[in-house]
Each structure stands twice: as C-alpha cells, then as structure tokens.
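With positions in the sequence shown counted from 1, the corresponding number in our numbering is that position plus 5. A virtual CB, placed ideally from N, CA and C, is assigned to each residue, including glycine.
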Amino acid sequence: MNEHVQAATTGPLFNPLAPEFIRDPYPHYARLRATDPMHQTAFGSFVASRHAEVSLALRDKRFGKDFAERTIRRYGPKSLEEPVFRSMSHWMLQKDPPDHARLRGLVVKAFTARRVEDMRPRIQQVVDETLDRIIPQGRMDLIEDFAFRLPVTIICDMLGIPEEQRELFYTGSRDGGRLLDPVPLSPEEIAKGNAGNLMAAMYFQQLFDLRRKQPGDDLITQLVQAEEDGSKLSNEELTANIILLFGAGHETTVNLIGNGLLALHRNPDQLALLKANPGLITNAIEEFLRYDSSVQLTGRVALEDIEDLGGKRIPKGENVLCLLGSANHDPAVYPDRPGSLDITRPNVRPLSFGGGIHFCLGAQLARIEAEIAIASLLRRLPDLRLDDAENPQWRPTFVLRGLKELPASW
Ligand code: HEM
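Here's what the structure looks like:
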C-alpha cells in the first residue's frame with residue numbers, strides 16, 4: 006500500500022485542507038462512503054459522501070442555504086458587516102426562495118442553451134487566436150497561457166467589459182477560491198476578501214455608470230436597467246451578482262480544462278482514443294467532470310429537523326456538506342470502475358454542476374468552452390507532452406479543485 010493510500014485509511018476521515026487530501030481526495034472519499042457516509046466533522050457539519058444523500062440534499066426543499074444565519078453562527082453577530090460576507094449574502098448562489106428566483110430570473114436568459122450555442126464561433130476564435138500566438142513558442146503552461154484567458158474573455162464579452170479594461174481581469178488575483186472552503190477563514194483571509202471585494206465593487210460601479218450613459222447589447226446594461234426599475238434589483242444585489250458571475254465562471258472552467266487535460270495525459274489510451282475519434286469530445290467532457298470535478302463540494306443547511314438522511318438525524322440549522330466529487334465516484338451509480346477515466350462511459354451524469362434550484366447557470370457555457378478548448382488543442386498540437394504528469398502542483402483550495410500550473414511542450 007503506498008504512503009498516500011495508507012494516509013487515507015488511517016488519518017482523520019475528513020481533513021480537506023491536508024496536503025494528501027488536496028493531492029488526491031478520492032481514496033479519502035472511498036473510505037468515507039464505506040465507513041461513515043454521513044460523517045459528522047469536528048467543526049460541526051455533516052459530510053455526505055454517497056450519491057443518494059448528496060443528490061437528495063441538493064434537491065430537497067427542506068434544505069436551503071440560510072447564508073446569513075450560518076455566517077453569524079460561524080463568525081459572530083457582526084460578521085455580516087464585513088464587506089465580503091455582505092456581498093456574498095446577496096449572491097443568488099446563497100439565496101433561498103423567493104429571492105433566489107428573482108435574482109436568477111434576471112440573468113437566466115443570457116445563459117439559455119440557444120444563446121450559449123450561438124457563442125461557439127466566438128469561443129473558437131478566442132481559442133484559435135491563443136493557439137496561433139503560443140504554437141511557435143514550443144512550450145507553455147496550459148493553465149496560465151491556454152485555459153486561463155478563455156473564460157475571462159467570454160465573461161467579459163457577455164458583461165460588456167470594454168477591451169481596454171480587461172487586462173485587470175486577466176492579471177487579477179485567483180485567491181477567491183478559499184471563500185468557499187468549509188474550513189473557516191482566518192482574519193487575514195477575511196481582510197483579503199474584503200479588499201478584493203471593495204476593489205471589484207468600485208470597478209463595477211464606474212462600469213454601471215458608463216452603461217447607464219452608453220447602453221450596450223450586454224448583460225450589465227440589462228441589469229442596470231432592471232436596477233433602475235427599483236423593484237427588481239438593488240444596487241448592492243447587482244454588484245454582488247456580477248462579482249458572482251465572474252467568480253463562479255472563471256476558475257471553475259479553467260480547472261475543468263486543466264483537470265481534463267491532466268486526466269487525459271495520465272491515461273494515454275484515452276488520449277489516443279479521443280485523438281482518433283474527435284466526435285467523442287462531448288461525452289469526454291462529461292467524463293472529465295465526473296472523474297475529477299473542478300467543484301468538489303457545495304453545502305446545504307437543514308431548514309427543519311430532518312429525521313433521517315443516510316441513517317442520521319439532521320437537526321434544523323445543521324450544515325450538510327455535499328461531496329460532489331465523491332458522489333461522482335460512487336460505485337452504486339457507476340458500478341464499472343468508477344475511479345478510472347473512460348471517455349466512452351455510458352450514462353455519465355455528474356453532480357459537478359449541482360442540482361435543484363441552484364443548478365449551475367453556466368453549465369452549458371462551461372461545457373462548450375472546455376469542448377472547444379480541448380478539441381482544438383488536440384487537433385493543432387497532437388505531439389504535446391506534459392512535463393510532469395505524475396506530480397502536478399495542486400492549488401491549496403478544496404472546494405475548487407485545480408492545478409497551479411501544467412507545463413507542456415511539443
Ligand atoms: C466547469 C465549470 C463549472 C462548474 C463545475 C460549476 C459548478 C457549479 C455548481 C456545483 C453550482 C451549484 C452550487 C450549489 O448548488 O450550491 C454552480 C452554481 C452556479 N454557477 Fe457554476 N460552475 C461552472 C461554471 C460556471 C460558469 C461558466 C458560470 C457563469 C458564467 C457559472 C455560474 C454559476 C452561477 C451564477 C451559479 C449559481 C446559480 C444559482 O444559485 O441559481 N458557473 N456552479
């Protein structure tokens with residue numbers, strides 16, 4: 006037994022920021038599912054690791070987000086005065102009905118399957134331009150040089166962020182990921198979150214002013230008009246949900262591309278299969294989402310006492326951490342080698358985009374971006390090799406799972 010699988014069988018059951026957990030959470034998930042599938046953590050949450058309980062908690066109306074109460078319980082009565090938590094409390098992602106439907110309803114039209122399909126040529130153009138620039142170099146970091154710019158460019162397009170102001174977003178910090186981790190933030194991390202949030206809010210306020218004066222054919226213009234109407238959206242909600250769109254769609258998609266490329270190169274038979282059969286790309290993306298999801302966890306709070314979830318009683322107000330990455334490897338749903346990458350696997354329906362009312366708004370956009378990025382890379386750089394597929398450097402966050410870098414040459 007190697008050292009790492011041994012840690013997964015003898016160490017604490019759920020220690021998500023431990024280096025060995027970040028490096029490879031899957032043996033730890035297998036142990037949770039087998040020994041304590043509704044595990045109660047030292048910091049007071051239940052951890053659901055089987056597909057059945059994860060899926061139920063995401064969809065059942067007896068569970069919700071209850072963000073304000075949860076934040077006060079965790080960080081004290083004044084915590085919602087911290088700009089970062091105040092802003093997060095307005096995210097549709099953190100809202101329960103009826104506010105959730107009001108906020109989601111304002112942006113949902115921009116993300117319909119049809120609207121996103123229409124963006125294919127633009128996505129292809131961005132990928133082609135990136136590859137044109139990089140191919141003569143002979144090497145690149147697949148994260149920084151290839152995956153990173155695509156989702157930022159597309160979200161900037163959708164929001165109508167002027168070209169000359171985009172550099173800010175390409176060079177901007179990727180530290181936001183820790184905000185979502187289930188392990189409480191330190192005072193320094195809260196201060197950093199506040200500073201980042203205030204900067205983003207200042208930037209967007211000047212963009213809202215611009216779009217009030219010069220309306221465009223973009224999502225910010227539509228939202229500014231909804232805000233002016235007054236009854237639909239407050240200014241604080243507007244700013245917070247724009248920040249959410251940026252945060253939710255950026256690193257997650259970069260990591261889908263990065264984790265997918267790593268998985269392919271660690272499984273040369275699957276890489277060869279995809280190169281020989283490019284039509285498998287759509288199913289391959291679903292399998293990448295299942296095999297190593299870029300979002301590993303999301304949470305719910307019991308809105309009433311729940312008598313039985315996976316054999317445990319969940320009192321009102323308790324958190325349930327839903328391990329999406331573990332549900333995606335549950336042999337009860339994927340009986341055929343759930344820990345292996347198989348791009349021809351039938352009936353792949355990963356929980357990586359969540360479920361129920363909060364089902365990812367950007368799911369189709371992320372799928373198409375990843376599909377075009379990975380298919381184009383394989384077509385144009387068939388000899389690309391990773392420098393080190395065996396010991397990649399993971400970012401130190403747990404909820405958002407992704408690589409710091411993925412150097413490659415050709
Ligand atoms: C691979 C890429 C992505 C993954 C794995 C992902 C994952 C998720 C998950 C798991 C949720 C639900 C969380 C919950 O139920 O608590 C979610 C919600 C959300 N996602 Fe994504 N996401 C991705 C890309 C995107 C993109 C590209 C956008 C937009 C540009 C986006 C915008 C959102 C929004 C706004 C929500 C909140 C929806 C709501 O609360 O109704 N995501 N995402």
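Exercise for review: Answer yes or no: the CB of residue 365 versus the heavy atoms of the ligand HEM, is any distance below 7 Å?
Suggested key: One-based indexing of the sequence shown puts residue 365 at position 360. Yes; taking the cut-off as 7 Å, the Cβ of residue 365 has a heavy atom of the ligand HEM nearer than that.
Practice item. Determine the extent of the alpha helix (DSSP H) in which residue 349 is found, giving its start and end residues. Key: Position 344 of the sequence shown, counted from the start, is the residue given in the question as residue 349. From DSSP, residue 349 is part of no alpha helix (DSSP H); its letter is neither H nor E.
**Study point:** From 57, 247 and 198, residue whose alpha carbon lies closest to that of residue 90
**Key:** Here the question's residue 90 lines up with position 85 in the sequence shown. The option with the nearest alpha carbon to residue 90 is 198.
Point to revise | Spatial neighbours of residue 205 in its chain, beta-carbon cut-off 6 Å, leaving aside the 5 residues before and after | key: Along the sequence shown, read from residue 1 onward, the residue named residue 205 stands at position 200. Taken in chain order, the residues that qualify are 248.
Check your understanding: At what residues does the beta strand (DSSP E) containing residue 44 begin and finish?
Key -> On the sequence shown, residue 44 is found 39 positions in, with the first residue counted as 1. Element bounds for residue 44: 43-45.
Review point. Would residue 22 be called buried (16 or more neighbouring beta carbons within 10 Å of its own) or exposed?
Key: On the sequence shown, position 17 is the one that residue 22 refers to. Classification of residue 22: exposed, given that the 10 Å Cβ count is below 16.
Practice item. In the DSSP assignment, find the alpha helix (DSSP H) that holds residue 188 and state where it starts and stops. Key: For this step, residue 188 is matched to residue 183 along the sequence shown. No alpha helix (DSSP H) holds residue 188; DSSP gives it neither H nor E.
Point to revise | Buried/exposed call for residue 282, threshold 16 Cβ in 10 Å | key: For this step, residue 282 is matched to residue 277 along the sequence shown. Label assigned to residue 282: exposed.
Exercise for review: Taking residue 42 as the reference, give the member of 332, 380 and 402 with the closest Cα.
Suggested key: The sequence position of residue 42 within the sequence shown is 37, counting from 1. Per the Cα distances, 332.
Check your understanding: Grouping DSSP H, G and I as helix and E and B as strand, with all else coil, what is residue 404?
Key -> In the sequence shown, residue 404 corresponds to position 399, counting from 1. Reduced to three states, the DSSP call for residue 404 is coil.
Point to revise | residue 124, DSSP secondary structure in three states | key: Stepping through the sequence shown from its first residue, residue 124 is reached at position 119. Coil.
Check your understanding: Under a three-way DSSP split, which group does residue 337 fall into?
Key -> Here residue 337 refers to the residue found at position 332 of the sequence shown. Coil.
Check your understanding: Helix, strand or coil for residue 173 per DSSP?
Key -> Position 168 of the sequence shown, counting from 1, holds the residue named residue 173. Residue state, collapsed to three classes: helix.
Exercise for review: Please name the residue in 242, 196, 200 and 382 whose C-alpha comes closest to that of residue 265.
Suggested key: The residue you call residue 265 lines up with position 260 of the sequence shown. Looking at the Cα atoms, 382 is the closest of the given residues.
Practice item. Can you grab the Cα-Cα spacing for the pair residue 323 / residue 313, in whole Å? Key: Within the sequence shown, residue 323 is the residue found at index 318, counting from 1. Within the sequence shown, residue 313 is the residue found at index 308, counting from 1. Going by the C-alpha atoms only, they are around 13 Å apart.
Review point. Under a Cβ-count criterion, where at least 16 other Cβ atoms within 10 Å of its own Cβ denotes burial, should residue 8 be classed as buried or exposed?
Key: What you label residue 8 is simply residue 3 of the sequence shown in a count that begins at 1. At residue 8, the pLDDT of 43 sits below 50, so the modelled position is not reliable and the matter cannot be decided from this model.
Point to revise | Nearest-angstrom beta carbon gap, residue 338 and residue 56 [assumed within contact, 8 Å] | key: In the sequence shown, residue 56 corresponds to position 51, counting from 1. In the sequence shown, residue 338 corresponds to position 333, counting from 1. Contact flag correct, Cβ pair sits at about 5 Å.
Review point. Chain C beta carbons: is any one of them nearer than 8 Å to that of residue 405?
Key: Considering every chain present, this structure includes no chain C. It has just one protein chain.
Review point. Rounded C-beta distance between residue 260 and residue 406? I'm assuming under 8 Å.
Key: Along the sequence shown, read from residue 1 onward, the residue named residue 260 stands at position 255. Along the sequence shown, read from residue 1 onward, the residue named residue 406 stands at position 401. Residue 260 to residue 406, Cβ: 6 Å. Contact.
Review point. Between the Cα of residue 52 and the Cα atoms of 379, 384, 275 and 20, which residue gives the shortest distance?
Key: Working through the sequence shown from its first residue, we reach residue 52 at position 47. Residue 20 is the option with its Cα nearest to residue 52.
Check your understanding: How is residue 115 classed by DSSP in three states: helix, strand or coil?
Key -> Walking along the sequence shown from the start, residue 115 turns up at place 110. Three-state DSSP puts residue 115 in a helix.
Review point. Does the ligand HEM have even one heavy atom less than 7 Å from the beta-carbon of residue 153?
Key: One-based indexing of the sequence shown puts residue 153 at position 148. Every heavy atom of the ligand HEM is 7 Å or more from the Cβ of residue 153, so no.
Point to revise | Bounding residues of the alpha helix (DSSP H) (the contiguous stretch that carries residue 312) | key: The residue labelled residue 312 in the question sits at position 307 within the sequence shown. That residue, residue 312, is in no alpha helix (DSSP H); its beta strand (DSSP E) goes 311-314.
**Study point:** Collapsed DSSP secondary structure at residue 414 in the structure displayed
**Key:** Position 409 of the sequence shown, counted from the start, is the residue given in the question as residue 414. Three-state DSSP puts residue 414 in a strand.
Check your understanding: Which of helix, strand or coil does DSSP assign to residue 6?
Key -> Position 1 of the sequence shown, counting from 1, holds the residue named residue 6. Residue placement at residue 6 is flagged as unreliable, the pLDDT there being 41, under the threshold of 50; the coordinate-derived value follows with that caveat. It is coil, neither helix nor strand.
Practice item. Let me know the beta strand (DSSP E) ranges lying completely inside the region 186-224, each 3 residues or longer, listed in chain order. Key: none
**Study point:** Other residues of its chain near residue 158: CB distance less than 7 Å, five sequence neighbours each side excluded
**Key:** Reading the sequence shown from its first residue, position 153 is the one you call residue 158. Hits under 7 Å: 131.
Review point. In chain order, which continuous runs of the alpha helix (DSSP H) of length 4 or greater are located wholly inside the region 48-103?
Key: 56-64, 72-80 and 88-93
Review point. Secondary structure at residue 342, three-state DSSP: helix, strand or coil?
Key: Locating residue 342 in the sequence shown gives position 337, counting from the first residue. Residue 342 falls in the coil class under three-state DSSP.
Exercise for review: Drop a sphere of 10 angstroms on the beta-carbon of residue 12, count the other beta-carbons inside from all chains shown, and report buried for 16 or more, exposed for fewer.
Suggested key: In the sequence shown, the residue the question calls residue 12 occupies position 7. The predicted position of residue 12 is uncertain, since its pLDDT is 49 and thus under 50; no value can be drawn from it.
Review point. Can you check whether the CB of residue 379 is closer than 8 Å to the CB of residue 128?
Key: By 1-based counting over the sequence shown, the position of residue 128 is 123. By 1-based counting over the sequence shown, the position of residue 379 is 374. Cβ atoms of residue 128 and residue 379: not closer than 8 Å.
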